[in-house]
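In our numbering, the protein residues as written are 38 to 543. We treat Cβ as the ideally placed atom computed from N, Cα and C, and that holds for glycine. Data block below; observations after.
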Ligand SMILES: CC(=O)SCCNC(=O)CCNC(=O)[C@H](O)C(C)(C)COP(=O)(O)OP(=O)(O)OC[C@H]1O[C@@H](n2cnc3c(N)ncnc32)[C@H](O)[C@@H]1OP(=O)(O)O
């Protein structure tokens, strides 16, 4: 089995669409189909179940007419039923040329759902395959509930496979329909069918109910499966199917004798598009495609990467069209900040770096997530506050806001070493703060306070986090206007910080 080619069949548009709450539009299905074949370069696509709806028929028509032009109609597959020809009529109308015929792979399903004997079922299947052939439709056959069949009605499964392998079919599709297999059983069952039917093409279709989807797929390949059914982002019925991105990474890194055509660099792009169209959110810790999986959070990791990429593994983000990131927060050390500064083309001396790191850790302690885009604002705020000599310190304050009462502030201010206190009310918390400040100034200083003439609050431009809020205040003293800024996770506090800066520069 050296250099053995494994076919990758993507069933995002069929089984993936069986994710509860997901329904792709006609144009979304066409866009995804094109991307899967042209950029991701999977071998085959299952795009729908027959007879489902008028919208599904229109989507299949659009995809088959595009595939006909591209000369890849043989890569487009539709799940059909043993229904006396109704599905075949639907296929003909839709212009599809490969059916994946859903048949019963366990005696339990055959007896209780179709309520037929094996002989009746085989006769119906034979008729279906022959009818399809007269319309130039090729047939792959699903043995639905095959994994249960292997556990509980193996005699039936082999009787059926004896019959099926004598029919004119392209591939036999072996689903673990209910996601019940362990990796050991998957290996054992696939080995059994492989040994008994050495020339038959077998696909394995794994579900993820026990989170064993990827492990089972790996064992199926080792046992000799010829093809795999996968979905983007692991979408699919119940807990979903084996996820495309993880499986491709596993094959490329651990099953080096297996050949696949999938372009791993396109995985992230396709995953994001499917996420957008389906509304099915990718968990942030989903291997390969999750938002967090290439982010180093711990300071020790960033330090190790600085020294000799000590915390890299083979899953390099660039392989998948992504980039490594270094998170900013409570667990950041100087190395995390350095990595982000390098990216932004900024540099700080050791003392500045220490202060900026401290500020980020403080924000992290308040559960704030700081983005790389916040960094320049934090640096400017830390260095700016540092550059100003602090004659006046806003030492303590209580901001009161209660329904049916006027907002109020008690303020303690230190001016050149002496502490003063005042209480005032206002129209809002900051207004109350300013009124308390005015009282103190009137009593203890000969200076006038500048007039507040503009007050703007914003999330720092470009920031992708909600960690910071910037208040920009324009003041007027005599004829001179000037601006101070305050940065904090709290809006009122950021305004108070801007005010404290003003007090120290007038
Ligand atoms: C493993 C999988 O995920 S298989 C996924 C199969 N795909 C789908 O189910 C697609 C969505 N399904 C549908 O749109 C509908 O169920 C349809 C159009 C297929 C059928 O709809 P309805 O005629 O309303 O039937 P309903 O959904 O109530 O029941 C399914 C029928 O299919 C029968 N059936 C089950 N398996 C098969 C099969 N492999 N071949 C033929 N018929 C089957 C059932 O016995 C039942 O028949 P009954 O009504 O005579 O008892």
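Annotation: the continuous alpha helix (DSSP H) that includes residue 380 extends over 371–381. Note on geometry: alpha-carbon atoms of residue 171 and residue 109 lie some 21 Å from one another. Setting aside the 5 residues that flank it on each side, residue 445 is surrounded in the same chain by 437, 462 and 469, each with a C-beta closer than 6 Å to its C-beta; the list follows chain order.
In the three-state scheme derived from DSSP, where H, G and I count as helix and E and B as strand, residue 517 is classed as strand. In this structure, the C-beta of residue 267 stays at least 8 Å away from each heavy atom of ligand 1. Here the alpha carbons of residue 121 and residue 44 stand approximately 30 Å from one another. Taking a cut-off of 8 Å for Cβ pairs, the region 147–164 and the region 96–114 do not touch, as fewer than three such pairs fall below it.
Only residues of its own chain outside the window of five on either side were considered, and among them 114 and 175 have a CB closer than 6 Å to the CB of residue 135, listed in chain order. Listed in chain order, the alpha helix (DSSP H) runs fully inside the region 210–264 are 220–233 and 250–259, counting runs of at least 4 residues. Below 8 Å, too few C-beta pairs join the region 491–501 and the region 426–436 to call them touching: fewer than three. According to the DSSP assignment, residue 282 belongs to the alpha helix (DSSP H) that extends over 281–291. Positions of the alpha helix (DSSP H) runs, each at least 4 residues long and wholly inside the region 382–427, are given as 387–402 and 412–424 in order along the chain. Residue environment for residue 442: exposed (fewer than 16 other C-beta atoms within 10 angstroms of its C-beta). The alpha-carbon separation between residue 219 and residue 253 amounts to approximately 7 Å.
The region 429–486 contains, as complete beta strand (DSSP E) runs of 3+ residues, the segments 429–437, 445–452 and 455–462 (chain order). Closest in alpha carbon position to residue 206, among 166, 227, 194 and 189, is 166. Distances between the C-beta of residue 120 and the heavy atoms of ligand 1 include at least one below 8 Å.
Under the three-pair Cβ rule at 8 Å, the region 357–369 counts as touching the region 399–408. Within the same chain, Cβ atoms closer than 7 Å to the Cβ of residue 320 are found at 327, the five residues on either side in sequence being excluded. Looking from the CA of residue 271, the closest CA among 312, 299, 62 and 354 belongs to 312. Taking a 10 Å sphere around the C-beta of residue 379, we find fewer than 16 other C-beta atoms and assign the residue as exposed.
In the DSSP assignment, residue 537 falls outside any beta strand (DSSP E) and lies within the alpha helix (DSSP H) extending over 528–542. By the Cβ rule, the region 278–287 counts as touching the region 241–255, because three or more pairs are nearer than 8 Å. Using a C-beta cut-off of 8 Å, the region 45–65 makes contact with the region 78–90, since at least three inter-stretch Cβ pairs fall below that distance. Annotation for residue 193: the continuous alpha helix (DSSP H) segment containing it runs 191–201. Contact annotation: residue 356 and residue 302 have beta-carbon atoms nearer than 9 Å. Taken in chain order, the complete beta strand (DSSP E) segments of 3 residues or longer contained in the region 110–191 are 113–118, 135–141 and 175–181. The alpha-carbon of residue 516 is positioned some 11 Å away from that of residue 488.
As summarised for the region 331–375, there are no continuous beta strand (DSSP E) elements at least 3 residues long confined to that stretch. Residue 274 has its CB nearer than 8 Å to a heavy atom of ligand 1. Taking a C-beta distance under 9 Å as the contact criterion, residue 177 and residue 240 qualify as a contact pair. For secondary structure counted as the alpha helix (DSSP H) over 4 or more consecutive residues, the region 52–78 holds these complete runs in sequence order: 63–72. Per the coordinates, the alpha-carbon of residue 294 lies some 15 Å from the alpha-carbon of residue 264. Beta-bridge analysis with DSSP links residue 85 to 115. With 16 or more neighbouring CB atoms inside 10 Å of its own CB, residue 522 falls in the buried class.
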